[in-house]
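Chains as they are written, first to last, in our numbering: chain Y, 835 to 1168; chain F, 1446 to 1806; chain W, 10 to 85. Here a beta-carbon is modelled for each residue, glycine too, at the ideal position from N, C-alpha and C. Computed from a predicted structure; not experimentally measured. Structure record follows, encoded as C-alpha cells.
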C-alpha cells in the first residue's frame, strides 16, 4: 500500500474500511465504536453537556503537541468548563489528498494518548478526503458529550461583585510556541504548547468546593478576550492586576520582540475560574496540588461597575481598559 | 527582562511624577511625535501621573498611519501580480487603501506573507527562485537602514528576485511642515528615541533654534517617558529651548554612522505624500539608480485607479494634532478596530486605536 | 515607530549574531552595528541591531531614578 492518502480512502469503499480498521479501530477500542453502526448508541441519565469544535491549526505539529492532541483536549476542556465529566467524543477527519500516512498515524496516536489521559472514549467517527489544495493538510472536528453532576451550576453569567478571578497557570505559552515555528517569524525557544486536558484539574477544584461561579478556557483571543466575554455575560466589571498575571520569561521576551501583549495570545491548557472570595483560597490550594495548576494565581476580582468592562491595574499602578482582541495578533514594527 | 522591567518600576515612577508635579507651574502642551510613544503612554496610563498643567498631544509619527491611500493601493496592485510574493510587516495587513486591504488581497488569492524582518524576506526570496519577492518598505529612519542593508545583502548574495517598494519617510521635514502650518501650538516635543539612535540628536536642533520649542529624545519605557516630560518641564520653566538626550543608554549625539552610511548609499531623498499633510519635499526615501533592480517601482508596472479618501475620516487632522479621536463622528460609531475606516484605527500605534483600546486616559 | 528591544549577544558569525531576548533566541543582523561584541546588549529593531546599549548610562539613569524615588518616600 502507498504512503499517501488518496481520494479513494474517503469514498466509503475498501480503502476506507482498511483505513478505519488499521488506523482507527486498532487504537480506539471500546464496545460502542467496534459495533461500527451508523450512530453510537449508549445510555446516559442526567444533565448533559454537549459541544463541538473544529481544528484547523497550522502547523499541524508544534512544540508540545499536534492537531490530534488539540482536538481531544479542546473539546474535553469545553465540557469541563461547564462542570461536566467528559465521556464520549466523536472524531471526524477531512484529509487533503496526498497527505502522508505517517503523519496521520502520528496524529491518531496523539488522539489516542490524549483520550486515555482524559479518560474519554472515541465512539463514532467519519473520514472524508478532499482534492489537493482544498484542505490545509488535515482538518479535524470533535464533538463531545459529558454529564454534569447534580448541584453544579457553572456559567459565564454567574460572576458576582466580590468574586475572585483565578488563572490556572502561565499564559501565552501555546500561541508563542506555535508562532515560533511560523515562516517569517522563526525564533528559538524551549517553550512548548501547554495543550492539556483540564477535566482532572476541574474535578479537583469542584471536590475542594462546588462554589465555582464561572470557568472558561482562554483559547483564541487569550485571557483578555475571555475575561471580556465573562464580564459581558455577567454584566459586571472585571479588574485585573498586571503584576499578578503569571507569564513565562520566554513568552514575555517573544511578546516584547513582536510587539504583542501576552493576554491576547492563545492558551490550550489553562482555565480561568471566577469564585466567591470566601472559597478562593481552598480552591487555589487544590489547583496548585494538581500538575496542570501548579502556577495558579489570583489575578483580580469582579466589581460592580460598568457592565462588560475589563480594566487592568498596570505595573505602575495606573489603570487602563483591557479590551478584547481585534483581528489576529500580528507582529508589529511600531 | 534585563534593561526592560527595571524601567517599569512603580516606585521610581512615583519619584519622577513628584518631580514633574513640583516643577510644573506653567501650562504646557507637549507632543509625542512617535506612535510608539503614543502606545506606551496609553498602555501605562502615563497621563494619569501628570498634573493638569500638562496637556499631551499625539503627533504624526506613525509610519503606517501617514502612508497615503495611493501607496497602499500600489502595494495591493503588486500583490495581484501572479508571480509576486508580498512580504510585509504585520502592521500593514489591515490598513484600508482606497478600495481594499492586503488582508483582503490575501483572501482573494494573492501571496502575502507577514515577516518580522527583511532577513526573513530575503530567505523567502532564496527559497522561491521562480517568484519575485517584494518587501513593503514602511517606516522612518529606524527602519530604512535595515531595508538598505537587505538590498546590499541581496546584492552580495546575487539575489535577482528581491525587491523593495520604498514608502519610507523621514521625520524632520514633516515636523517643520507641521510647525510652519501654525495649526499646532506646542511648548515641548518628545523626540523619537529609536529614530535618534540612527540620526543622532542634531536633526532636531532646528526645532529649538527656529521655533523655540524644547526637545527631549526619549526611550519607550514608562520611566523614560516620565523622565523626558520632567526634562521638558524643566526647560519650559526656565524659558530655555534646546535638544537633550534623556535616552542616553540607546542614543549617541552623532547617531549610528554605519546605518547613516548605508542609507546614503542605497537611498536618495524624494518628495513623499503624507496622509493629512499632502506632499512634502525631501521627506521620502527613494531607491537610488545604482540599485534600481531592487526597486519594485522600476521593475514592475504598477497600475492603480485614482485614490479615494474615506468620507468623514479625520485621520489627517488627528495626525496633525489639531483634532482628537473624540472629535471624529466615525470614532466608535462606524470606525472601530474590527472595521476601521482609516489607518489611525488599524495601526497599533495609531492615535484612534490607542484611544479605543486603552480608554481615553 | 520603532519597536526595538534589548537583546544579549551570545555568539557572532560574520555579520550575524545569535541573540537572547528574555529567554528566546533569534538570529539577528549586525550590518548596522558591526562593532557589537559577545556579551554586549544591543537594541534590536526588526531583527537588526541598531545600537549597542551603554550599560554605564543605563545604570546611571536607574541610580538617578532610585534617588528620586527615595527622596519622594522620605523627603528628609
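- Only those residues of the region 1599 to 1632 of chain F whose C-beta falls short of 8 Å from the nearest C-beta of chain W would be listed, and there are none.
- If you draw a straight line from the Cα of residue 1657(F) to the Cα of residue 1685(F), it is about 8 Å long.
- Taking a C-beta distance under 9 Å as the contact criterion, residue 954(Y) and residue 922(Y) qualify as a contact pair.
- Taking the C-beta atoms as reference points, residue 1451(F) is found nearer than 9 Å to residue 71(W).
- Between residue 1509(F) and residue 1547(F), the gap from beta carbon to beta carbon reaches 9 Å or more.
- Scanning chain F for C-beta atoms nearer than 9 Å to the C-beta of residue 27(W) yields nothing, as the closest lies near 13 Å away.
- By the rule that beta-carbons nearer than 9 Å mark a contact, residue 1027(Y) does not touch chain W.
- Annotated as proximal: residue 1611(F) and residue 1742(F), with beta-carbon spacing under 9 Å.
- Taking the Cα positions, residue 1593(F) is about 49 Å away from residue 948(Y).
- In terms of beta-carbon proximity, residue 1697(F) lines the interface with chain W, with at least one pair separated by less than 9 Å.
- If you look at residue 1147(Y), you'll find it in the beta strand (DSSP E) that goes 1144 to 1147.
- The C-beta distance from residue 1065(Y) to residue 1142(Y) rounds to 5 Å, short enough to meet the 8 Å contact threshold.
- If you check the CB distance, residue 1044(Y) and residue 990(Y) do not come in under 9 Å.
- Around the C-beta of residue 1081(Y), 16 or more other C-beta atoms lie within 10 Å, and the residue is accordingly described as buried.
- Judged by DSSP in its simplified three-state form, residue 895(Y) adopts strand.
- Distances from the alpha-carbon of residue 1670(F) to those of 1446(F), 1576(F), 1459(F) put 1459(F) closest.
- Not one beta carbon of chain W lies nearer than 9 Å to the beta carbon of residue 1016(Y).
- Sixteen is the threshold: when 16 or more other Cβ atoms of the shown chains lie within 10 Å of the Cβ of residue 1012(Y), as they do, the residue is buried.
- In the DSSP annotation of this structure, the continuous segment of the beta strand (DSSP E) that includes residue 50(W) starts and ends at 50 to 54.
- Residue 1668(F) belongs to the set of residues whose beta carbon lies under 9 Å from a beta carbon in chain W.
- Those residues of the region 927 to 943 of chain Y placed with their C-beta closer than 8 Å to a C-beta in chain F do not exist.
- For residue 1581(F), the enclosing beta strand (DSSP E) covers residues 1577 to 1582.
- Counting of Cβ neighbours within 10 angstroms places residue 884(Y) among the exposed residues, the total staying below 16.
- The three-state secondary structure of residue 1153(Y), taken from DSSP, is strand.
- Along the region 44 to 66 of chain W, going in chain order, the ones with a CB nearer than 7 Å to a CB of chain F are 50, 52, 54, 55, 56, 57, 59, 60, 62, 63, 66.
- As a beta-bridge residue in DSSP terms, residue 1608(F) pairs with 1579(F).
- For residue 1713(F), same chain residues with a beta-carbon under 6 Å away, outside a window of 5 residues either side, are 1731, 1733 in chain order.
- Around the CB of residue 1140(Y), fewer than 16 other CB atoms lie within 10 Å, so the residue is classed as exposed.
- Listed by position along chain F, the residues whose Cβ is nearer than 8 Å to that of residue 23(W) form an empty set, because the closest Cβ is around 11 Å away.
- Residue 58(W) sits close to residue 38(W), with the two beta carbons spaced by under 9 Å.
- Identification of chain W residues near residue 1461(F) by a Cβ-Cβ cut-off of 7 Å yields 74, 77, ordered along the chain.
- Between residue 993(Y) and residue 888(Y), the C-beta spacing is not below 9 Å.
- Residue state for residue 970(Y) is assigned as coil, using DSSP reduced to three classes.
- Looking at the DSSP output, residue 60(W) sits in a beta bridge with 52(W).
- Excluding the 5 residues flanking it on each side, residue 1006(Y) has same chain C-beta neighbours closer than 6 Å at 1085, 1096, 1099, in chain order.
- In this chain, the beta strand (DSSP E) harbouring residue 1478(F) covers 1473 to 1479.
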